[in-house]
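If you're matching them up, the sequences are chains P and E in order. Residue 191 in our numbering sits at position 191 of the first sequence, and the numbers go up by one each step. Basically our numbering = 1-based index in the second sequence + 1000.
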Amino acid sequence: MNRRFLRSPKVRKVLAATAGILLFGGLSGCATTAGHPKDPLESFNRAMFAVNEGLDVVIKPVAKGYDEVMPSPVKAGVGNFFGNIGDAWISINNLLQGKPVDACSDVARVLVNSTFGVAGLFDVATDFGLEKHAEDFGQTLAVWGVGDGPYFFWPVIGPRTMRDTFGWAIDSYVDPVWNIDQVDVRNTLAGVRFIDVRASLLPADKVIEEAAFDKYDYIRNAYLQNRRSVIHDGNPPRLEDDE
Amino acid sequence: MMVIRLDLKMMNKGVDRMLFACLKTVSTVVKSLFAIFAGLVLFCSSALAQAEAPDVMVKRVTEDVLSIVRQDKDIQSGNTKKVLELVEAKVLPNFNFQRMTALAMGRDWKKASAEQKKQLVDEFKTLLVRTYSNALTGYKNQTVRYKPFKMQDGADDVVVKTEVVQSGSKPIQLDYSLEKRSDGWKVYDVIVAGVSLVTNYRDTFNQEVRTNGVDGLIQMLASKNKQLESAKK
């Protein structure tokens, strides 16, 4: 299993890309002056951020249209459906993080929602008291002691630390949607999920637009704070206030 | 007769004087009673305010605000003025904006003079209230769940954890940091999904103070507020 995993062309690509990023990060890290300590590649990242803002000019109206046209129950169903697909991998990550109780609860969620919840369209498990968790491989790596590494802003994917970029690559590799053989089904599902996620972020857009002095900076800080929180399952140790 | 009349007059005068003295005493007693009572009222209310635990306060204010928003169609359709009025009346008295500003600025807070601090607090308060009050206009049947809260005896700095529950999506964690002041518990940080709305500004603020000084930061906040206000009109 292990050897097959490492020999697969997909994994090789991921590993090669990661190595490339590491090398690139190491090289350009030397050239920067005092900025955010976690963001040595700020100029590269700001360029990618600009690219993403450009892409969003097209994506956002689609998400808005989806948000306006689809009735709320449909949107909830779409979110639940993909949430249910994700719960299986979440349970494995909970196990890898040494949380067997949470892992079992996630397994129960998948079983309950796939049957009583009509293929995951309804999240009846939450009503049964089985709460949804948010875990990914980046968090698992963090629990294992892997540090953040430099911060990146990727086109389409958005903000990720070095570690979470690698984690994201693993998450995508095992993602059931990306493993569907029928290309048209796979692409449709991935597309719908992408737009659904973007639509769910619409309310936050306005707040960020108004609250931020520098959107790039605001998102970077929010991302790093949020990751710190989810890695500790919502109870991060308190930082010194240095007031 | 003359003598008696005189005596009566004198007696009258004496009675008058006695009555007057009596009344005076009564009035002083009543006055001081009033003062004592007023003092008692103040004492009791402050004791009550202190007696309200931080989690109880968070719950009371949240439910208060939500019950108003639920009934107010104007707020739901995005009437900014009404939202601001509601927030100003119900929410702001429970916040400590000086502490919030200090927390957002970090080490730079000490660099500001008393006058600058006042301006900074004013501007930062305006910004926070304007930007985040609008979140209330996006209200769609969410409910708030209050997580179990335990406080150690004599604690003066606590976190009250809540969750915004919305059908069909993952609950959003919403935590409040509170500190005990002489006039009760005051919120000094709001943390949404692990992101502090206050410290999220620290890098930006530090950067501005580094390049343009404390006055530069005041300027930056003020012009942002002006821009937001003119955009609303």
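In this text, a Cβ means the ideal position worked out from N, Cα and C, and glycines have one as well. Note that this is a predicted model, so its numbers are computed, not measured.
- At least one CB atom of chain E sits nearer than 7 Å to the CB of K132(P).
- The residue among V1129(E), K1081(E), L1174(E) and E1052(E) with its C-alpha nearest the C-alpha of M1151(E) is E1052(E).
- Between G129(P) and chain E, the shortest Cβ-Cβ separation is not below 7 Å.
- F213(P) belongs to the set of residues whose beta carbon lies under 7 Å from a beta carbon in chain E.
- Y173(P) sits in a helix when the DSSP states are folded into three classes.
- Nearest CB-CB separation between T1204(E) and chain P: below the 7 Å threshold.
- Against chain P, the CB of K1170(E) has a partner CB under 7 Å away; the residue lies at that interface.
- Counting only runs of 4 or more residues that sit fully inside the stretch 1011-1078 of chain E, the alpha helix (DSSP H) segments are 1054-1071 and 1073-1076, in chain order.
- Our two residues, D87(P) and N93(P), have alpha carbons roughly 10 Å apart in a direct line.
- Here G79(P) carries a helix assignment [DSSP, helix/strand/coil].
- Between the C-alpha atoms of G167(P) and D1183(E) there is a straight-line separation of about 48 Å.
- With contact defined as three or more Cβ pairs closer than 8 Å, the stretch 1122-1132 of chain E and the stretch 1216-1229 of chain E are in contact.
- From the beta-carbon of S1196(E), the residues of chain P found nearer than 7 Å are Q225.
- For the set D1074(E), V1198(E), K1180(E) and N1141(E), the Cα lying nearest the Cα of P1171(E) is the one of N1141(E).
- Under the DSSP assignment, R220(P) falls in the alpha helix (DSSP H) whose first and last residues are K215 to I231.
- The three-state secondary structure of K1140(E), taken from DSSP, is coil.
- K1161(E) has its alpha-carbon roughly 18 Å from the corresponding atom of D1153(E).
- Taking the Cα positions, V1030(E) is about 16 Å away from V1041(E).
- Within the same chain, R198 come within 7 Å of I59(P) by CB-CB distance, once the 5 residues on both sides are set aside.
- Inclusion of T1204(E) and F213(P) in the CB contact set at 7 Å is warranted, their separation being smaller than that value.
- Following the DSSP letters along the chain, one finds T161(P) inside the beta strand (DSSP E) bounded by residues G158 to T161.
- Here P73(P) is exposed, its C-beta having fewer than 16 other C-beta atoms within 10 Å.
- Between T1131(E) and V207(P), the beta carbon gap of about 6 Å places them in contact (Cβ cut-off 8 Å).
- In the structure shown, the three-state DSSP call for I1191(E) is strand.
- DSSP, read as helix, strand or coil, puts Q1166(E) in strand.
- In the three-state DSSP reduction, E131(P) falls in the coil class, being neither helix nor strand.
- Here I157(P) has W168 as same chain residues with Cβ atoms under 7 Å from its own Cβ, once five neighbours each way along the sequence are excluded.
- Nearest Cα to Y216(P) within the set W154(P), R163(P) and P236(P): W154(P).
- Measuring C-alpha to C-alpha distances from D56(P) to each of R227(P), L201(P) and S43(P) identifies L201(P) as the nearest.
- Under the Cβ distance rule, A88(P) does not count among the residues neighbouring chain E, no pair being separated by less than 7 Å.
- With respect to S1133(E), L1197(E) sits apart: the two C-beta atoms are not nearer than 7 Å.
- The Cβ-Cβ distance between T161(P) and G149(P) falls below 7 Å.
- Apart from the 5 residues on each side of it in sequence, R1099(E) sits with its Cβ closer than 6 Å to the Cβ of Y1188 in its chain, given in chain order.
- For N1200(E), the nearest CB of chain P lies under 7 Å from its own CB, placing it at the interface with that chain.
- In this structure, the alpha-carbon of E68(P) lies about 30 Å from that of Q182(P).
- In this structure Y1176(E) does not touch A1104(E) by the C-beta definition: roughly 16 Å separates them, more than the 8 Å allowed.
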